[in-house]
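Chemist:
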Amino acid sequence: MDIEAFFENMPFADLLDIEITTVDNGHAEGHIEMREELSWNEEQIMAHGGVTFTLADTVGGAALVSLVEQPVPTIDMRIDYLEAGTGDLRAEADVIRHGGDVGVVSVKVYAENGTQVADARGVYKTG
1 MDIEAFFENM
11 PFADLLDIEI
21 TTVDNGHAEG
31 HIEMREELSW
41 NEEQIMAHGG
51 VTFTLADTVG
61 GAALVSLVEQ
71 PVPTIDMRID
81 YLEAGTGDLR
91 AEADVIRHGG
101 DVGVVSVKVY
111 AENGTQVADA
121 RGVYKTG
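Heads up: the sequence shown is residues 1 to 127, going by full-length UniProt numbering.
1) Under a Cβ-count criterion, where at least 16 other Cβ atoms within 10 Å of its own Cβ denotes burial, should residue 35 be classed as buried or exposed?
2) Measure the alpha-carbon distance for residue 87 versus residue 94 and round it to whole angstroms.
3) So does the region 34–53 actually touch the region 92–106, counting three or more Cβ pairs closer than 8 Å?
4) Taking the straight line between their C-alpha atoms, what separation do you get for residue 17 and residue 33?
5) Cα separation between residue 31 and residue 122?
6) Using 8 Å for Cβ pairs, my map puts residue 56 next to residue 83. What's the rounded Cβ distance?
7) For residue 60, collect the residues of the same chain with a Cβ closer than 6 Å to its Cβ; drop the 5 residues on either side in sequence, then sort them by chain order.
8) Which residue marks the beginning of the beta strand (DSSP E) containing residue 94, and which one marks its end?
9) So what's residue 86 in DSSP terms, helix, strand or just coil?
10) Considering only the beta carbon of each residue, do residue 52 and residue 102 sit closer than 8 Å?
11) Out of 43, 62 and 100, state which residue places its alpha-carbon closest to the alpha-carbon of residue 23.
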């Protein structure tokens with residue numbers, strides 16, 4: 001399965017312009033360039049929580065897809081927002097459980113300045 005092509009052709013991820021930059025053996029990284037229409041604040045560009053969540057979910061899914069080589073629907077995703085997401089965002093995801101029916105992925109999202117802005121855990125269907 002061509003993982004990069006799969007995620008590049010995902011309509012919602014494409015709409016937000018999420019780019020998967022690294023995918024390998026249960027690990028994935030990706031980023032999103034912030035722009036005015038993705039902000040919740042008129043005065044300063046700050047990522048809407050839904051943008052941060054979608055980045056975490058997409059990169060988390062990519063990490064698991066690298067192991068199972070098939071699409072993995074999200075069963076559950078928990079996210080803790082730690083700081084406002086300013087500037088471009090990047091996410092790093094690592095599979096922490098790869099089971100026959102479900103997989104669990106840990107995702108960290110960072111602002112452009114390196115500050116961690118969110119910590120997420122996703123559960124995905126693998127079988």
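The C-beta atom is built at its ideal place from N, Cα and C for all residues, glycine as well.
Since the model is a prediction, treat every value here as computed from it, not as a measurement.
Modeler: With the structure as the only source:
1) exposed
2) 23 Å
3) no
4) 7 Å
5) 17 Å
6) Residue 56 to residue 83, Cβ: 14 Å. No contact.
7) 93, 105, 107 and 122
8) 89–98
9) strand
10) no
11) 62
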